[in-house]
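**Q** Quick one: this structure, given as structure tokens, is what I'll be asking you about.
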Amino acid sequence: MSNQIQEIPRVPPITARVGQACQKCFKGIEEGVALKICTTCRRVRYCSTECQKADWKSHKSICKALHAAETDPALYQTIAGLFDVPSGSTPDVTAADTVAQQSAFAELHAVQLLKGKPFNVIEQNIIGWQPRCLACARTDSILRMEARSKGTEPATLSHCSDCHLAFYCSTDHWNLVRDFHSQRPDEDGYADLPQCALNRQIRLDTLFKTSLPEQGDSGFQWVPERVKEQWTPLLAEDWGSEFGDHLRQALHLETQEQVQKSLSYGPMLRSATEGLSMPMSILYALENLNPDDAWTKKSALTVHVLGPTFDRELAGAMAFEELLHQLPNVKTLEITFCGPEMPGGSSDRWLEMETCPKCRRSNRRRKQRIIQRAYHDYARRAGSAFQKPDLAVAFNSGCSQEEVDSWTPTIKFLVDAHIPTVFTAFNREEGQAEAKLFADLGAALVPTLGPRVNPWGSLVLQKEANRVTGFYAVNGWLACGCKYYFDP
37 MSNQIQEIPR VPPITARVGQ ACQKCFKGIE EGVALKICTT CRRVRYCSTE
87 CQKADWKSHK SICKALHAAE TDPALYQTIA GLFDVPSGST PDVTAADTVA
137 QQSAFAELHA VQLLKGKPFN VIEQNIIGWQ PRCLACARTD SILRMEARSK
187 GTEPATLSHC SDCHLAFYCS TDHWNLVRDF HSQRPDEDGY ADLPQCALNR
237 QIRLDTLFKT SLPEQGDSGF QWVPERVKEQ WTPLLAEDWG SEFGDHLRQA
287 LHLETQEQVQ KSLSYGPMLR SATEGLSMPM SILYALENLN PDDAWTKKSA
337 LTVHVLGPTF DRELAGAMAF EELLHQLPNV KTLEITFCGP EMPGGSSDRW
387 LEMETCPKCR RSNRRRKQRI IQRAYHDYAR RAGSAFQKPD LAVAFNSGCS
437 QEEVDSWTPT IKFLVDAHIP TVFTAFNREE GQAEAKLFAD LGAALVPTLG
487 PRVNPWGSLV LQKEANRVTG FYAVNGWLAC GCKYYFDP
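Going from the sequence shown to our numbering is simple: count from 1 and add 36.
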């Protein structure tokens, strides 16, 4: 099993997808490498002949299909009308997003027919995150197809000189979208930062991640060693105020000037939120689902994690110890990971997990078990032995996008059994759709738990595929929360 995992290639980061890092080793322009484009597909770049040769087996089939699709007049005839729209005096990035999605769908369809088999993730990303003009959604490939049809020299995309992750096909189009890109707060971001500033953070986070050994989807993990003396409400806190001082101490940054000059503090804090967003979202949900703080004084806390994945929830399970660190009265934390994709068979056997020295000295325990069944099926089979948790949570379930039929019985059970529940989502679209799914099945939703931006979602943003705007993040949105007591 371990050999199979090791053979899976690492997915190239966003910098490689936009041609600013090597497709094989991920060395980027920040490291001073000279990148050479693949002369056949003109979609990916390499830092050396050795890297290109090493990647050829993986890249070969998509490379030839991309070239064939671009040189076939049929694809351009299909999408040409999408770009035949006069430019106005104000940017319409919503229209550009629509054009991007429609043209990408057509290209994906054409390339897959030529390839003759489904895309893998790496191949799909080459199309999904290719550079597009922020004003009109043209790509370099589309510019070449246009020039070929007109018998002219093709234009090429240029990039923002600050973030390098926004693109434009002409000076006129850049002038049209420049203020939107660099000045206007992005509705999918945070701290009122514009798209350009968020893009710059993405570049720093990408450099940080690619500098580390491969860690799977769980990514960089850090949990502060401190254990709180008493529960502190989260309603007025944020990532910086909750964890910033502890990380600064860990990095030996004694002054604000040292923090500002540090190249690692920002990426490390944002990367740490990737894993910490799970326990912090749980705490925020419990705080909003309970009428008082009695739940913080329990000796045992039980959480059921629904539909988990091995790479994220199980590999990142260490982060759940933050629940013990935030709740000093809790002596035993019991976490059940329940879902059909879990490894192994269904078992009620609890595993004692390692805890930090402070928790061990205080005889505080973190226990977990794995159930390889859908949650409603597990509860039905358990019968009278089934015990309601303090919280049932599903992280980034995608239940409104995929496997709706398999999730519906579980959601119906959660609602009918009156189990305190919270679901998170990657973005606005998924969050709102999941809230509707719960409401349609009779759930009474708590407004503070969605659909809305999650104040404890990951700060590691990802750019949306097949669009010129938009970001998503792990647990970025609270989709919905359900409580089952009556307010006084």
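Even for Gly, the Cβ is constructed at its ideal location relative to N, Cα and C.
Span of the beta strand (DSSP E) holding R236?
**A** Stepping through the sequence shown from its first residue, residue 236 is reached at position 200. No beta strand (DSSP E) contains R236, which is instead part of the alpha helix (DSSP H) from 231-246.
**Q** Which residues does DSSP list as the beta-bridge partners of E388?
**A** To locate residue 388, count along the sequence shown from 1; it is residue 352. The partner list for E388 (beta bridge, DSSP) reads K403.
**Q** Could you please give the first and the last residue of the uninterrupted beta strand (DSSP E) stretch that includes G517?
**A** Mapped onto the sequence shown, residue 517 falls at position 481. Taken as a continuous stretch (DSSP letters only), the beta strand (DSSP E) holding G517 covers 513-518.
**Q** For L342, list the residues DSSP reports as bridge partners.
**A** Position 306 of the sequence shown, counted from the first residue, corresponds to residue 342. L342 pairs with C374.
**Q** Is the beta carbon of N365 sitting closer than 8 angstroms to the one on K333?
**A** As a position in the sequence shown, residue 365 is number 329, starting the count at 1. As a position in the sequence shown, residue 333 is number 297, starting the count at 1. Cβ atoms of N365 and K333: closer than 8 angstroms.
**Q** Are L283 and L305 close, meaning C-beta to C-beta below 8 angstroms?
**A** Within the sequence shown, numbered from 1, the residue matching residue 283 stands at position 247. Within the sequence shown, numbered from 1, the residue matching residue 305 stands at position 269. Against a cut-off of 8 angstroms, the Cβ pair of L305 and L283 comes out as a contact.
**Q** Below 8 angstroms on the Cβ atoms is my contact criterion, and I expect K151 with I98 to pass it. Report the Cβ-Cβ distance as a whole number of Å.
**A** Locating residue 151 in the sequence shown gives position 115, counting from the first residue. Locating residue 98 in the sequence shown gives position 62, counting from the first residue. Right, their Cβ atoms sit about 6 angstroms apart.
**Q** So, for W386: in the same chain, excluding its five sequence neighbours on each side, which residues have a beta-carbon less than 8 angstroms away from its beta-carbon?
**A** As a working note, residue 386 is residue 350 in the sequence shown. Taken in chain order, the residues that qualify are E370, K403, Q404, R405.
**Q** What residue does the alpha helix (DSSP H) around F459 start on, and which one ends it?
**A** Counting from 1 along the sequence shown, the entry for residue 459 is found at position 423. It is not in any alpha helix (DSSP H) - F459 instead sits in the beta strand (DSSP E) that spans 457-461.
**Q** Go ahead and pull the three-state DSSP assignment for T134.
**A** Position 98 of the sequence shown, counted from the start, is the residue given in the question as residue 134. Helix at T134.
**Q** Assess, as a yes-or-no matter, whether the stretch 167-181 is touched by the stretch 123-141 under the definition of 3 or more beta carbon pairs within less than 8 angstroms.
**A** Touching, yes, given that three or more Cβ pairs across the two stretches are closer than 8 angstroms.
**Q** Considering only C-alpha positions, which residue in the set M314, G311, D222, L287 is nearest to G302?
**A** Your numbering for residue 302 matches position 266 in the sequence shown. Cα-wise, what sits closest to G302 is L287.
**Q** Taking the CB atoms as reference points, tell me whether K497 and G276 lie closer together than 8 angstroms.
**A** Position 461 of the sequence shown, counted from the start, is the residue given in the question as residue 497. Position 240 of the sequence shown, counted from the start, is the residue given in the question as residue 276. The displayed chain sequence assigns Leu, not Lys, to residue 497. Going by C-beta atoms, L497 is not nearer than 8 angstroms to G276.
**Q** When the Cα of V510 is compared with those of G467, F203, Q59, F474, which residue comes out closest?
**A** On the sequence shown, residue 510 is found 474 positions in, with the first residue counted as 1. The shortest C-alpha separation from V510 is found at G467.
**Q** State the CB to CB distance for the pair V129 and L170, rounded to an integer number of angstroms; the pair is presumed to be in contact (CB under 8 angstroms).
**A** Locating residue 129 in the sequence shown gives position 93, where the first residue counts as 1. Locating residue 170 in the sequence shown gives position 134, where the first residue counts as 1. Confirmed, Cβ separation roughly 7 angstroms.
**Q** Do you know whose CA, among T126, L118, K96, Q148, lies nearest A105's CA?
**A** If you number the sequence shown from 1, residue 105 lands on position 69. Nearest option by C-alpha distance: Q148.
**Q** Could you name the residues of the same chain whose beta carbon sits closer than 6 angstroms to that of V263, not counting the 5 residues immediately before and after it, in chain order?
**A** To locate residue 263, count along the sequence shown from 1; it is residue 227. So the qualifying residues of the chain are H361, K394.
**Q** Under three-state DSSP, which class holds V504?
**A** The sequence position of residue 504 within the sequence shown is 468, counting from 1. DSSP places V504 in coil when its eight states are reduced to three.
**Q** Taking the alpha-carbon positions, what's the R214 to V157 distance?
**A** By 1-based counting over the sequence shown, the position of residue 214 is 178. By 1-based counting over the sequence shown, the position of residue 157 is 121. Straight-line Cα distance between these residues: approximately 32 angstroms.
**Q** Between the Cα of L363 and the Cα atoms of Q219, A415, L270, P425, which residue gives the shortest distance?
**A** Position 327 of the sequence shown holds residue 363. Among Q219, A415, L270, P425, the Cα nearest to that of L363 is on L270.
**Q** What runs of the beta strand (DSSP E), each 3 residues or longer, lie entirely inside the stretch 445-499?
**A** The stretch 445-499 contains these whole beta strand (DSSP E) runs: 457-461.
**Q** From I163 to Q56, what distance separates their C-alpha atoms?
**A** One-based indexing of the sequence shown puts residue 163 at position 127. One-based indexing of the sequence shown puts residue 56 at position 20. Computed Cα separation, rounded: 15 angstroms.
**Q** Can at least three beta-carbon pairs, one atom from the stretch 196-206 and one from the stretch 227-247, be found at a separation below 8 angstroms?
**A** Taking 8 angstroms as the limit for Cβ pairs, the verdict is that the stretch 227-247 does touch the stretch 196-206.
**Q** When you compare only the Cα positions, how much space is there between P260 and Y112?
**A** Residue numbering aside, residue 260 sits at position 224 when the sequence shown is read from its first letter. Residue numbering aside, residue 112 sits at position 76 when the sequence shown is read from its first letter. Those two C-alpha atoms are separated by around 54 angstroms.
**Q** Measure the alpha-carbon distance for S38 versus G380 and round it to whole angstroms.
**A** The residue given as residue 38 occupies position 2 in the sequence shown. The residue given as residue 380 occupies position 344 in the sequence shown. Its pLDDT being 32, under 50, S38 is placed unreliably in this model, and the value from its coordinates should be taken loosely. In a straight line, the C-alpha of S38 is about 15 angstroms away from that of G380.
**Q** Return the chain-ordered list of same chain residues with a C-beta closer than 7 angstroms to the C-beta of E265, the five sequence neighbours on each side being excluded.
**A** Here residue 265 refers to the residue found at position 229 when the sequence shown is read from its first residue. Same-chain partners within the cutoff: P364.
**Q** Under 8 angstroms between the Cβ atoms of A430 and L342?
**A** As a working mapping, residue 430 is identified with position 394 in the sequence shown. As a working mapping, residue 342 is identified with position 306 in the sequence shown. Contact flag set, yes.
**Q** Starting from V429, follow the beta strand (DSSP E) in both directions and report where the run begins and ends.
**A** Taking the first residue of the sequence shown as 1, we reach residue 429 at position 393. Start and end: 427-430.
**Q** Just the Cα atoms here: how many angstroms apart are T268 and E159?
**A** Locating residue 268 in the sequence shown gives position 232, counting from the first residue. Locating residue 159 in the sequence shown gives position 123, counting from the first residue. Approximately 46 angstroms, taken between the alpha carbons.
**Q** Considering Cα atoms alone, identify which of Y414, D384, R348, L427 is closest to G375.
**A** Taking the first residue of the sequence shown as position 1, residue 375 is located at position 339. Ranking Y414, D384, R348, L427 by Cα distance to G375 puts Y414 first.
**Q** Using three-state DSSP, classify R46 as helix, strand or coil.
**A** Taking the sequence shown and counting its residues from 1, one reaches residue 46 at position 10. DSSP places R46 in coil when its eight states are reduced to three.
**Q** Are the CB atoms of R81 and K72 within a distance shorter than 8 angstroms?
**A** Here the question's residue 72 lines up with position 36 in the sequence shown. Here the question's residue 81 lines up with position 45 in the sequence shown. In contact: K72 and R81 (Cβ atoms closer than 8 angstroms).
**Q** Kindly list the residues whose CB is nearer than 6 angstroms to the CB of G493, restricted to its own chain and excluding five residues on each side of it in sequence; keep chain order.
**A** Position 457 of the sequence shown, counted from the start, is the residue given in the question as residue 493. Correct list, in chain order: S313, A509, N511, G512.
**Q** So, helix, strand or coil for Y204, using DSSP?
**A** Locating residue 204 in the sequence shown gives position 168, where the first residue counts as 1. Looking at Y204 - three-state DSSP - the assignment turns out to be strand.
**Q** Please report the residue range of the alpha helix (DSSP H) in which L322 lies.
**A** For the purposes of this step, residue 322 is taken as residue 286 along the sequence shown, with counting starting at 1. Per DSSP, L322 belongs to the alpha helix (DSSP H) from 301-325.
**Q** So is G493 in contact with chain E if we call contact Cβ pairs under 8 angstroms?
**A** The chain labelled as chain E is not found in the depicted structure, where only one protein chain is given.
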